[in-house]
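Just below is one structure, and these are the notes that go with it.
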Amino acid sequence: MRFWSGRTVDQDGGPGPRSLSEDIAAPSQKPKAAVQSRADHRRTACGVDVDVKALKSLVVSGREVLPLVEGGKGIAVSNGESSGAWAAAGAVGTFSGVNADFYDEKGTLIPLVYHGKTRRERHGELIAYAIRGGSAQARIAHDLSAGQGRVHMNVLWEMGGSEEILHGVLEGAKGLVHGVTCGAGMPYRVAEIAAGYGVFYYPIVSSARAFTALWKRAHHKFPQWLGGVVYEDPWLAGGHNGLSNSENPTEPQAPLPRVTALRTAMRQAGVPEVPVIIAGGVWCLREWEEFLDNPDIGPVAFQFGTRPLLTRESPISEGWKQRLRTLKAGDVLLHRFSPTGFYSSAVKNRFIAELCERLDHQIPFTAEPVGEHTAEMEIGLRGRKVFVTPADKVKAETWIAAGFSEPLRTPDSTLIFVAPDRAEAIRRDQVECMGCLSACNFSNWSQGEAGTTGKKADPRSFCIQKTLQNIAHDGDVETELMFAGHIAHRFATDPFYRDGFVPTVRQLIDRLMTGD
24 MRFWSGRTVD QDGGPGPRSL SEDIAAPSQK PKAAVQSRAD HRRTACGVDV
74 DVKALKSLVV SGREVLPLVE GGKGIAVSNG ESSGAWAAAG AVGTFSGVNA
124 DFYDEKGTLI PLVYHGKTRR ERHGELIAYA IRGGSAQARI AHDLSAGQGR
174 VHMNVLWEMG GSEEILHGVL EGAKGLVHGV TCGAGMPYRV AEIAAGYGVF
224 YYPIVSSARA FTALWKRAHH KFPQWLGGVV YEDPWLAGGH NGLSNSENPT
274 EPQAPLPRVT ALRTAMRQAG VPEVPVIIAG GVWCLREWEE FLDNPDIGPV
324 AFQFGTRPLL TRESPISEGW KQRLRTLKAG DVLLHRFSPT GFYSSAVKNR
374 FIAELCERLD HQIPFTAEPV GEHTAEMEIG LRGRKVFVTP ADKVKAETWI
424 AAGFSEPLRT PDSTLIFVAP DRAEAIRRDQ VECMGCLSAC NFSNWSQGEA
474 GTTGKKADPR SFCIQKTLQN IAHDGDVETE LMFAGHIAHR FATDPFYRDG
524 FVPTVRQLID RLMTGD
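Converting from the sequence shown to my numbering requires adding 23 to each position, the first position being numbered 1.
Dropping the structure here:
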C-alpha cells in the first residue's frame, strides 16, 4: 500500500470547477463547435497540499500490483519497451497487439511490405505480420519487466483478423502475456480465446448496458478468467470511443454515476468483485478521490493513455512529443471520420482540417430531377449527369474554380469536391487496401466471404492503417492522424513537465503515486 497527500481547492475553498470543450464532426454533416461547461464532480488542481485517501494495491491478472495501468495504443504507440517499463515499476503495462512492429536479428525494424495482388492476399499478409509483431513485443515486455508487475496486450475487436491474431500471439508468446484488453466493438469471443490460454480478459466498455450484453451472451461462461472491466469514458478518451446511438456526443456525462451503474449491473449478474479500471480523462489521481474506498464502486484501478506518451520509453517521435506540449483546451476533436464507423478523438491538425474541408465541400445529388434537384451537372470522365439544387450548383462551381475540381460520390448520395491530387490519393489508398479492419467504410473491404461491405467506398474517410503506421514511424504530426485524449492540453500547464522535462516511466508512476 502507498499513500499520497495533497490539497485541491479553488479560491473560495470549494472543489475547483472543470470545463470540457469539444467539437463533434460526422461524415454526414459539417462539424460544429459544441462547448460544454459544467462544475465537474472531480477535483482538478493537482499539486496543492491536503490529506486524501490511500491508494491500495490490487490483484490484477493473478498478482498484487499498483492499481495503475498503461493504456494500450496502436499502432506501435504502446509497445514492449513502454509496457515492460510499466510492469517493471510494479504496475500493469499494455502493449498494442494492433499490427505491432517486429525486428531482425540485429534489432532493426522490419518495414511492412505487401506483395499480394488482391485485398484478400494482403489481408493474409497483414495477419501474419501482426502475429509476428505481437509476439515480438510480448517478449520484449516480458524481458524488461524483470518478473515484476503484469504485461497485458490490447487488441481492437474490429481489427482485421482479430481472432486469428489473438490465437497467434497467445500461442507464440505463451506464458508471457497475463491479460488481454479488448474493445472497439463487442468482443463476445475474447473470453473464450483468452481462457483457452489461461490468460485473463478485460473487456473495454463505456456503459453498464454494453457489459451486460457481453456477460449474458458469452462472458458468463468464463467468470474465473475475468480479470476486470475497463470503463472507458466515451467523451474524454483518446482514440476510438464507445458512444452509443442513444448518447449525445455534445452532452458529456459525469463518470461517477456511470461507473456506479456498471458495478451495480456486474453485481446483479453475479460477476466476481474484480476491479473496474477507469480510463479516459484520468490525469492525476487526487481528482478521483471519491472513487476510492467507495462501497458502491468496489475495487478500482486507473488507466492512463495520454500521459505515458510523454515518457522516455514512449516510442513516439520527438516531434510528436513536442506537439503535445503545445496543445490547448479544445485542440482535440471528437469526430466520426474513422473508417471503423466509430467516434474517435484526435488532435486538430492539418490532417483533420482536410477531412473537415471535405465535409465543407459536400452537396446532395439525385440521378434524376426530383423536387428542388433541378440543376444539371456532369461528373466523372464519362460526364455522367446528376441533379443538384440551383444553390448547390453555384457552390460547386465556386469550389471547382478554387481548384477543388474533382467530385467524388459517397454512399449517402452526396458529392464531395476535392483537389485532383487529393482525389488521386484517395483512390490509390482505396485500391491498396490491405484489409486492416473487419469492415472498412473507406475502401468497402470486409473480411467476410464476399470481401466487401456491399456499400460504395466512402471518400470522406481515410486509410487508417497507412496514417497510423506513418505517424508511429516518424511521420509528419501535422499531416497524419494523431490520436489523443481530451485532457492532452494539460501537458502545457502541469508543472511536472516544466522546462521540457520528460520523465521515465518509473518517474511518472512515482509522480502518480503522490496524487499528481
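Backbone N, C-alpha and C fix where the C-beta goes; we use that ideal spot for every residue, glycine too.
Asked                                                                                                                     : Found
Alpha helix (DSSP H) segments (min. 4 residues) lying fully within the segment 364-431                                    : 373-383, 413-424
For alanine 231, three-class secondary structure by DSSP                                                                  : helix
Spatial distance of alanine 159 from serine 119 (CA atoms)                                                                : 11 Å
Contact the segment 380-391 vs the segment 432-444: 3+ CB pairs below 8 Å                                                 : yes
Exposure label - glycine 94; buried when at least 16 CB within 10 Å                                                       : buried
Reduced DSSP secondary structure (H/G/I, E/B, other) of threonine 475                                                     : strand
Cβ contact check for the segment 451-468 and the segment 311-321: 3 or more pairs under 8 Å                               : no
Alpha-carbon spacing of glutamate 104 relative to glycine 147, whole angstroms                                            : 27 Å
First through last residue of the alpha helix (DSSP H) which encompasses glutamate 274                                    : Element bounds for glutamate 274: n/a, residue is neither H nor E.
Residues bridged to phenylalanine 524 [DSSP beta-bridge criterion]                                                        : DSSP output for phenylalanine 524 lists no bridge partner at all.
Proximity below 8 Å, CB of glutamine 453 to CB of alanine 480                                                             : yes
Contact the segment 332-340 vs the segment 286-300: 3+ CB pairs below 8 Å                                                 : no
Proximal residues to valine 92 (C-beta, below 6 Å), its chain only, five neighbours per side dropped                      : Val115, Ile300, Ala324, Gln326
Where threonine 490 sits in the DSSP three-state scheme                                                                   : helix
Same chain only: Cβ atoms within 7 Å of lysine 53, ignoring 5 sequence neighbours per side                                : Residue placement at lysine 53 is flagged as unreliable, the pLDDT there being 43, under the threshold of 50; the coordinate-derived value follows with that caveat. Closer than 7 Å at Cβ, skipping near neighbours: Leu382, Asp383.
Beta-carbon spacing of leucine 460, methionine 209 below 8 Å                                                              : no
One or two residues paired with tryptophan 468 in a DSSP bridge                                                           : Thr475
Segment contact flag, the segment 201-221 with the segment 267-274, C-beta cutoff 8 Å, min 3 pairs                        : no
Start-end ranges of the alpha helix (DSSP H) lying completely within the segment 159-234, minimum 4 residues              : 185-195, 213-219
The beta strand (DSSP E) enclosing valine 115, as first and last residue numbers                                          : 115-119
Spatial neighbours of isoleucine 487 in its chain, beta-carbon cut-off 6 Å, leaving aside the 5 residues before and after : Pro362
Proximity test, glycine 206 beta-carbon vs the ligand PLP heavy atom, cut-off 7 Å                                         : Ligands are entirely absent from the displayed structure, and the ligand PLP is therefore not among its contents.
Beta bridge counterpart(s) of leucine 249 as assigned by DSSP                                                             : Tyr224
DSSP-derived helix/strand/coil call for tyrosine 152                                                                      : helix
Beta-bridge partners of lysine 264, as assigned by DSSP                                                                   : The amino acid at residue 264 is misidentified as lysine; the sequence shows asparagine. In DSSP, asparagine 264 forms a bridge with Tyr366.
Contact check, valine 528 vs alanine 112, beta carbons under 8 Å                                                          : yes
Distance between beta carbons of glutamate 255 and isoleucine 13, contact taken as under 8 Å                              : Because residue 13 is not part of the residues shown, which for the chain are 24 to 539, the question remains open.
Cβ neighbour criterion (16 or more within 10 Å) applied to glutamine 247                                                  : exposed
Short Cβ contact (8 Å threshold) for leucine 189 with valine 203                                                          : yes
Span separating the alpha-carbon of alanine 260 from that of isoleucine 510                                               : 8 Å
For arginine 348, the first and last residue of its enclosing alpha helix (DSSP H)                                        : 341-348
Enclosing alpha helix (DSSP H) for arginine 450 [first to last residue]                                                   : 443-454
One or two residues paired with tyrosine 254 in a DSSP bridge                                                             : Val228, Ile301
Coil, strand or helix - arginine 286 by DSSP                                                                              : helix
Range of the contiguous beta strand (DSSP E) that encloses alanine 324                                                    : 323-327
Same chain only: Cβ atoms within 6 Å of lysine 344, ignoring 5 sequence neighbours per side                               : Leu333
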